[in-house]
Amino acid sequence: MIIFLTMIFFPFILLSHFSQKLYKILSLLWSRSILKTGGIRIKIFGIENIPSENSFLFLANHASLLDIPVLMSAIPHNFRMLAKKELFKIPIFGQAIRATGFVPINRANREKAFQSLQLVADRLREGQSFVIFPEGTRSIDGHLQAFKKGPFYIAIKAGIPVVPTVIIGTHRALAKNSMRINPGTVEIHFGQPVSPTPYALEEMETFKNFIWKSMNERLIAYGIL
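3 is the number of the first residue of the sequence shown in my numbering; add one for each residue after it.
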């Protein structure tokens with residue numbers, strides 16, 4: 003079903019990179035169509051923490067392919083994503099996300115990966131919001147995995163606030179290695195933005211651990227663990 007709706011909508015999203023407003027409209031149509039067809043309802047908390055006139059780096063936990071349509075449906079900002087390079091090889095989908103400003107990262111090539119991180123930092127400074135999954139891959143059971151350092155390098159270099167974003171329930175709705183969507187309710191919680199200003203690059207590990215702990219505490223508080 004996700005593949006089917008991607009084939010329908012992403013050719014139009016590919017054309018929408020000429021217009022930010024059109025991109026947002028079509029992205030919402032794509033994401034909400036997937037969720038509605040799958041019987042997924044969203045509850046959004048903390049939306050008051052992310053004023054639409056500001057740019058942010060949203061760091062979200064990742065447990066399902068549904069995380070992307072959930073984020074697109076819930077975040078009011080016209081954001082882009084840093085994504086693994088393999089996604090850009092998918093026919094139609096790959097061309098669309100590249101044309102609309104998503105940034106690929108090649109983790110196997112340190113130099114190219116650094117260039118991608120620098121590009122995202124530059125675009126954040128220019129006012130473009132981004133979403134990154136700091137775990138780097140989907141969790142099987144919803145537990146929060148260790149974070150990569152890259153997103154925190156980006157935040158410190160760009161000087162842009164990080165929004166800890168916790169998604170609850172997508173691992174039950176569409177588990178990793180499954181194509182079956184189980185209808186139900188998914189929650190997304192936006193935390194207070196965290197400024198990277200107090201952290202130097204040498205303190206990146208401290209910053210990373212602080213965000214991981216705050217997100218893990220939210221997952222525990224909201225009942226995922």
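Even glycine gets a Cβ: it sits at the ideal position worked out from N, Cα and C.
Every value quoted in this text rests on a predicted model; they were computed, and no experiment measured them.
Counted as a single uninterrupted DSSP element, the beta strand (DSSP E) harbouring E189 occupies residues 186-192. Counting the other CB atoms within 10 Å of its CB gives G186 a total below 16, which places it among the exposed residues. The residue from V168, L30, I36 with its alpha-carbon nearest to that of I49 is V168.
For P78, the three-state secondary structure derived from DSSP is coil. Contact between P163 and F58 holds: their C-beta atoms lie close to 6 angstroms from each other, under 8 angstroms.
Between the alpha carbons of V196 and W32 lies a gap of roughly 30 angstroms. DSSP places T167 within a strand segment (E or B) once states are collapsed to three. A contact between stretches requires three or more CB pairs, one per stretch, nearer than 8 angstroms, and the stretch 209-216 fails this requirement with the stretch 100-113. Annotation for P71: S33, I36, L37 place their beta carbon closer than 6 angstroms to its own, counting only its chain and skipping 5 residues before and after. Note on N56: under 16 other CB atoms within 10 angstroms of its CB, so exposed under the neighbour-count rule.
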